[in-house]
Amino acid sequence: MTTDAERPLLRVRDLKTHFTLKSGSLFGGSKKLLKAVDGVSFDLAAGEVLGIVGESGCGKSTVGRTLTRLEDATGGTAEFDGREMLSLSKAAFRPLRREIQMIFQDPFASLNPRLTIEQTLAEPVRIHGLETTREGIRARIARTLTQVGLDPKVMSRHPHEFSGGQRQRIGIARVMIVEPKLVIADEAVSALDVSIQAQVLNLIKDLQKESGISMLFISHDLGVVRHICDRVAVMYLGRIVETAPKATLFSAPSHPYTRLLLASIPRIRPGRIPAEDRGEPASAAAPPPGCPFHPRCPIATDICRSERPQPVDLGNGQFSACHHAGKQQGEAA
Amino acid sequence: MTQSNPPLLDVRGLSLSVATGDGLMPVVRDMSFSLNASETLGIVGESGCGKSLTSLAIMGLLEGTPVRVTAGEILFQGRDLLTLPPRERRRIMGNEMSMIFQEPMTSLNPVYRIGDQIVETIREHQPMSKSAARTRAVELLRMVRIPDPEGRIDSYPHQLSGGMRQRVMIAMALAGSPRLLIADEPTTALDVTVQAQILKLIADLQSETGMGIILISHDLGVIAETCDRIAVMYRGRVVESAETRDLFATMRHPYTRGLLDSIPEPDEDVDRLPTIPGRVPGLDERVDGCAFNPRCARASAVCREEDPGETAFGGGHAARCHHPLEPDA
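From first to last, the protein sequence lines stand for chains Y and D. Under the working numbering, the letters of the first sequence match residues 1 to 333, in that order. Under the working numbering, the letters of the second sequence match residues 1001 to 1329, in that order.
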């Protein structure tokens, strides 16, 4: 898909984001390390939408926050447009802030209630020097509001005058107005009612197609991810356990965790074979040795309890970090 | 299914209004449904449709809120809860009806051990010694499949996972051996693999105890998999109700259809999601006729003038629509 000499827009290698937790008693409790992201690697091509899915605590949001420098990486590299960005100083990273933008779950929390929509949207335009005249700024705001399906007349209003869906459109406008190359959307539609969610999903999909932006779409909702992404990475306890093109991931999932996840979603149409009860994930602060999924895995063997599996290339872009990947599925037990 | 006994719960013509500076604004209108023992009714709808207020009204939890019952009856085993003497009503609400909510962490007190909280709940229901109540608490924890209940009973809420906390809440809800359990978005805050476990637990407990269950959810998948009957609410009204199988086989109300179509599902690819245009009007916005008409592709003049009555389609399937959808070929 990439024309730019095969070089991905974003190349993440062995990304690690660890947090120090204080635990134990008030009196000199020991310090614990929470490995929220622990060795994550992926490429994102120009114009591609990569979904990152997983359950709470798997580290998917921390990946997004680390790539936008909201959290400090503990290790690893992330090349953006050929340039390592995690080691850049805050000042050197600043120009990239325009090119890498983030959409959050709760747009209201990220909008200043005292500012009009015009003031909110003018700020990034001015900071990044995209327009210099008042008229230029206004015209750009009007254009962007139209783009996200809002009437430009709303620019004189304040955030509280908008419904949840409209606020998320404003949040998206604030991102689109600076013409980013990479958008990281973290649970961007999770707070919306389904009828509104569908409208916003269609909007995001349209904007992505028109502008050719690359997107990292972080979500817990596999239906939403299937709708919007080209490729999907599944995370479990700080690691990517499977990556595959969308069609493959949903029709022929390889990793036992991906299969458990898909089997757990309640379906509207009957016919689902319910997932076996496989307990709950371990805490990221105390991940099991070997494969982090082994305590819940129906096909775990001795090697899974001692050795961390590396991604196995299953062909056609599918990778599964499972000791039993590629062997007869389900027969390893 | 010949009914000599009254249903477990029979809600008739229930209307609720919220008191505002501008007077009473209706939030639930003329709601009727009934529920038998061992049956699960799903109430589905988007935020503000009135589904949670309905359950609070049944549980008698509207006191202290600006919401009032303006009409209707709530018959529990044949007796109208709204006209019972307060003491008698409290007795029923404490023992025979019980409720679980979305966020177990906010319903549990973080500074007390879960065992103490369960013991307290048990002793509110029936007088018994602390040690007898503790034995019963262990029994309840075992009932909700908490491993090692004797050990876990001394945990604090923060030491438990979200799924385990919801199990504790369910254990507390079962303390009075209720005949009716209302579960309001019980799995919405949980991860999908844990959600599957909690839904299965609730279903298992129902077959063990014969409770009637009202499950309130915004998630049609959850509702479809767990409920015998479904009521779809829109802006304070039940717009369609049917047996689960019938509803998904033949949706009659355009809102039900629109809601279903707008959900991106993990088993199918669609290029564009069909959407319901616009949004739910605010409480202060007046809509004449059918409340859904401003968003409905089938709306005609009559829809803008007359609030549709209920049309029955047989088999307990009904919808409030002037132009109901025909069954798919």
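Using N, Cα and C, we set each Cβ at its ideal position, and we do this for glycine too.
Test item: CB-CB of residue i and residue j under 9 Å
i          : j          : result
D/Gln-1197 : Y/Asp-221  : no
Y/Arg-169  : Y/Leu-203  : yes
Y/Val-37   : Y/Gly-238  : yes
Y/Val-40   : Y/Met-235  : yes
Y/Thr-17   : Y/Leu-33   : no
Y/Val-148  : Y/Leu-207  : yes
Y/Leu-15   : Y/Glu-99   : no
D/Thr-1070 : D/Pro-1026 : yes
D/Ser-1032 : D/Val-1011 : yes
Y/Ile-103  : Y/Gly-171  : yes
D/Val-1194 : Y/Leu-261  : no
Y/Tyr-257  : Y/Glu-280  : no
D/Ala-1242 : D/Ile-1230 : yes
Y/Leu-145  : Y/Ile-117  : yes
D/Asp-1219 : D/Thr-1256 : no
Y/Gly-59   : Y/Ala-284  : yes
D/Leu-1141 : D/Ile-1118 : yes
Interface partners of residue i on chain D, CB under 7 Å
i         : result
Y/Phe-250 : Pro-1266
Y/Asn-112 : Residues of chain D passing the Cβ test: none, with the nearest at roughly 23 Å.
Y/Gly-165 : Arg-1279
Y/Pro-298 : Under the 7 Å cutoff, chain D gives no residues; its nearest Cβ is about 13 Å from Y/Pro-298.
Y/Ile-141 : What Y/Ile-141 touches in chain D: nothing, since even the nearest Cβ is about 23 Å away.
Y/Glu-48  : The premise fails here: Y/Glu-48 is roughly 17 Å from chain D at the closest Cβ pair, so nothing lies under 7 Å.
Y/Ser-56  : Asp-1191
Local Cβ density within 10 Å of residue i, reported as buried at 16 or more and exposed below that
i          : result
D/Lys-1130 : exposed
Y/Gln-199  : buried
Y/Thr-2    : Confidence at Y/Thr-2 is low in this model, with a pLDDT of 42, below 50, so its placement is unreliable and the value that follows should be read with caution. When all chains shown are included, Y/Thr-2 counts as exposed.
Y/Thr-133  : exposed
Y/Ile-228  : buried
Y/Ser-61   : buried
Y/Ser-214  : buried
Y/Ile-166  : According to the sequence provided, residue 166 of chain Y is Gln. The question's Ile does not apply to it. When all chains shown are included, Y/Gln-166 counts as buried.
Y/Gly-315  : exposed
Y/Ser-87   : exposed
Y/Lys-246  : buried
D/Ala-1329 : With a pLDDT of only 49 at D/Ala-1329, under the threshold of 50, the placement of this residue in the model should not be trusted, and no figure is reported.
D/Cys-1321 : buried
Y/Ile-218  : buried
Y/Gln-105  : buried
Y/Arg-143  : exposed
D/Gly-1045 : buried
Y/Glu-331  : Confidence is the limiting factor: at Y/Glu-331 the pLDDT is only 45, short of 50, which leaves the residue's position unreliable, though a coordinate-based value still follows. So Y/Glu-331 ends up on the exposed side.
D/Glu-1112 : What sits at residue 1112 of chain D in the sequence shown is Tyr, not Glu. D/Tyr-1112 is exposed by the Cβ-count criterion.
Y/Ala-45   : buried
D/Thr-1020 : exposed
D/Gly-1236 : buried
Y/Thr-301  : exposed
Chain-ordered neighbours of residue i on chain Y, where CB pairs are closer than 9 Å
i          : result
D/Glu-1046 : Asp-193, Val-194, Ser-195 and Ile-196
D/Phe-1248 : Ile-268, Arg-269 and Pro-270
D/Ser-1161 : Glu-280, Pro-281 and Ser-283
D/Arg-1090 : By Cβ distance, chain Y contributes nothing, its closest Cβ being about 35 Å from D/Arg-1090, past 9 Å.
D/Leu-1273 : Gln-197, Ala-198, Gln-199, Leu-201, Asn-202, Lys-205 and His-227
D/Ala-1051 : Strictly speaking, residue 1051 of chain D in this sequence is Lys, with Ala absent from that position. Residues of chain Y passing the Cβ test: none, with the nearest at roughly 12 Å.
D/Glu-996  : No answer is possible for residue 996 of chain D: it lies beyond the span of chain D, which begins at 1001 and ends at 1329.
Contacts that residue i makes with chain Y (C-beta to C-beta distance below 8 Å)
i          : result
D/Ile-1263 : Val-194, Ala-198, Gly-223 and Ile-268
D/Val-1270 : His-227
Closer than 7 Å at the beta carbon, the chain Y residues around residue i
i          : result
D/Gln-1197 : Asp-277
D/Ile-1276 : Ser-195
D/Gly-1221 : Ile-265, Pro-266, Arg-267 and Ile-268
D/Val-1194 : Glu-280
Closer than 8 Å at the beta carbon, the chain D residues around residue i
i         : result
Y/Pro-295 : Within 8 Å Cβ-Cβ: nothing; Y/Pro-295 doesn't reach chain D, min ~13 Å.
Within chain D, the residues that residue i reaches when beta carbons sit closer than 9 Å
i         : result
Y/Ser-190 : By Cβ distance, chain D contributes nothing, its closest Cβ being about 11 Å from Y/Ser-190, past 9 Å.
* Which runs of the alpha helix (DSSP H) spanning at least 4 residues fall entirely within the region 1098-1133 of chain D, listed in chain order? -> The qualifying runs are 1104-1107 and 1114-1125.
* Asked: What are the uninterrupted segments assigned as alpha helix (DSSP H) that are 4 or more residues long and contained completely in the region 202-264 of chain Y, given in chain order?
  -> As far as the region 202-264 of chain Y is concerned, its whole alpha helix (DSSP H) runs of at least 4 residues are 222-228, 246-251 and 256-264.
* Asked: Taking any Cβ of chain Y, which residues in the region 1127-1140 of chain D have a Cβ under 8 Å from it, in chain order?
  -> none
* **Interface positions of the region 60-92 of chain Y facing chain D (Cβ-Cβ less than 8 Å), listed along the chain** => none
* Which residues, in order along the region 1001-1033 of chain D, keep a beta-carbon less than 9 Å from a beta-carbon of chain Y? -> none
* To do: Scan the region 1205-1218 of chain D for residues whose Cβ lies nearer than 9 Å to a Cβ of chain Y and list them as they occur along the chain.
  => His-1218
* Asked: Which parts of the region 72-132 of chain Y are runs of the beta strand (DSSP E), unbroken and 3 residues or longer, counting only runs that do not cross its ends?
  -> 75-80 and 100-103
* To do: Taking a Cβ distance cut-off of 9 Å, strictly less, list which residues of the region 215-239 of chain Y are near chain D, in chain order.
  => His-220, Asp-221, Leu-222, Gly-223, Val-224, Val-225, Arg-226, His-227 and Ile-228
* Using a Cβ cut-off of 8 Å, which residues of the region 1068-1091 of chain D contact any Cβ in chain Y, in chain order? -> none
* **alpha helix (DSSP H) runs contained entirely in the region 1270-1325 of chain D, provided each spans 4 or more residues** => 1301-1305
* Which residues, in chain order, does the region 1149-1174 of chain D contribute to contact with chain Y at a C-beta distance below 7 Å? -> Residues are counted here when their Cβ sits less than 7 Å from a Cβ of chain Y; for the region 1149-1174 of chain D these are Ser-1161 and Gly-1163, given in chain order.
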